[in-house]
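Down below is the structure, laid out as structure tokens.
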Amino acid sequence: MADGSTDSVQAAVELPGPEAVTQRWVLAYEGSQQIRPVPTGAPQPIGKPLVIGRQGRLALGVEVRNKGISREALVITATEIGWDVGVPNANGAVLHAWGQSPERLAKRQTIRWPRVAIRVLDPVRADRTATEHWILLEADDLPITRAGPQVSRGTSTSTSRTVTGELPGELSAAQSEAVWTVFGGMLSWPPLLAAEPLVLKQAASRIGISPQAVRDRLDDVLGRAQRLGFSHNVGLTNPEYIYFLVKAGYLRPPAPVPGRVILPWLQ
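Every position in the sequence shown, counted from 1, becomes a number in the working numbering once 7 is added.
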């Protein structure tokens with residue numbers, strides 16, 4: 008999990024032009040409670056589709072065996088503005104954009120976000136014997152924007168999008184510590200499927216302060232989100248206001264996943 012203690016406000020967010028595109032990593036990440044996942048894959052060129060599945064160029068559901076994963080489960084293409092994602096998998100897939108709530112993926116979707124995980128579904132219920140099959144998309148050239156990770160059809164693909172205005176100050180070190188302690192599992196990269204916020208008493212014990220001090224810190228964080236336009240009435244351990252602050256640029260995405268194993272046939 009990334010350290011949020013030096014997070015700062017990004018008053019302006021710029022989408023890169025084609026010349027700014029750097030490496031776009033596509034990684035398979037599979038495992039279970041008995042099998043520790045290892046990220047395997049390679050950087051992908053702009054414009055070249057990559058088929059993923061039991062018979063894909065990037066295998067999924069093979070080493071960690073699962074016949075519920077389709078032979079062709081995903082088709083991923085890096086584009087100049089993001090990722091083009093096709094989902095032919097029979098059981099669908101779920102989008103886990105870093106710092107945002109999970110949601111079901113459409114059959115075809117354009118995504119613009121620096122850290123994206125796609126959980127490929129099978130018919131088996133999630134229990135102790137169930138396997139998890141993820142694809143991780145990492146792109147340091149793609150920004151976080153207030154528009155969120157999904158680009159609707161008809162949305163402008165202009166290479167410049169700027170969010171400006173007088174913003175509240177950055178999170179303090181104490182506020183960041185509270186956020187990352189309470190919501191750290193939900194902000195981890197790669198994602199933790201069963202992650203939940205810590206209760207405030209547990210967070211206080213980890214930090215070494217009182218539960219009321221944790222409440223005070225998070226109350227200030229929630230207030231910052233409200234001054235930015237967050238209008239939902241939520242409790243301090245509800246992650247909705249954290250997702251809102253991620254889109255506003257108050258929390259930076261974590262470092263790329265460590266321990267990558269490069270598959271030479273994908274290069």
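Each residue gets a CB set at the ideal place from its N, CA and C atoms; glycine is no exception. As the structure is a prediction and not an experimental result, all values here were calculated from the model.
Measuring C-alpha to C-alpha distances from residue 106 to each of 189, 57, 246 identifies 246 as the nearest.
The three-state reading of DSSP puts residue 230 in helix, counting H, G and I together.
In the DSSP assignment, residue 51 falls within the unbroken beta strand (DSSP E) covering 47 to 51. Residue pairing by DSSP puts residue 139 in a beta bridge opposite 38. A Cβ-Cβ contact shorter than 8 Å links residue 31 with residue 85.
For residue 90, the uninterrupted beta strand (DSSP E) run begins and ends at 90 to 93, by DSSP.
Inter-residue distance for residue 50 and residue 37 is about 18 Å (C-alpha atoms, whole angstroms). The shortest CA-to-CA distance from residue 249 to any of 48, 233, 46 is the one to 233. Counting only the Cα atoms, residue 180 lies some 15 Å from residue 231. One Cα belongs to residue 155, the other to residue 129, and the distance between them is close to 27 Å. When the five nearest sequence neighbours on each side are left out, the beta carbons in the same chain lying within less than 7 Å of the beta carbon of residue 109 are those of 101, 102, 103, in order along the chain. Here residue 101 carries a strand assignment [DSSP, helix/strand/coil]. The beta carbon of residue 188 sits closer than 7 Å to the beta carbons of 205, 210, 213, 214 from its chain, once the five residues preceding and following it are set aside; these are given in chain order. Non-local C-beta neighbours of residue 113 in its own chain, meaning closer than 8 Å and more than five positions away in sequence, comprise 94, ordered along the chain. Under the three-pair Cβ rule at 8 Å, the segment 217 to 224 does not count as touching the segment 59 to 72. The criterion of a C-beta distance shorter than 8 Å is satisfied by residue 35 and residue 142. Judged by DSSP in its simplified three-state form, residue 70 adopts coil rather than helix or strand. When the beta-carbon positions are compared, residue 174 and residue 258 stay at least 8 Å from each other.
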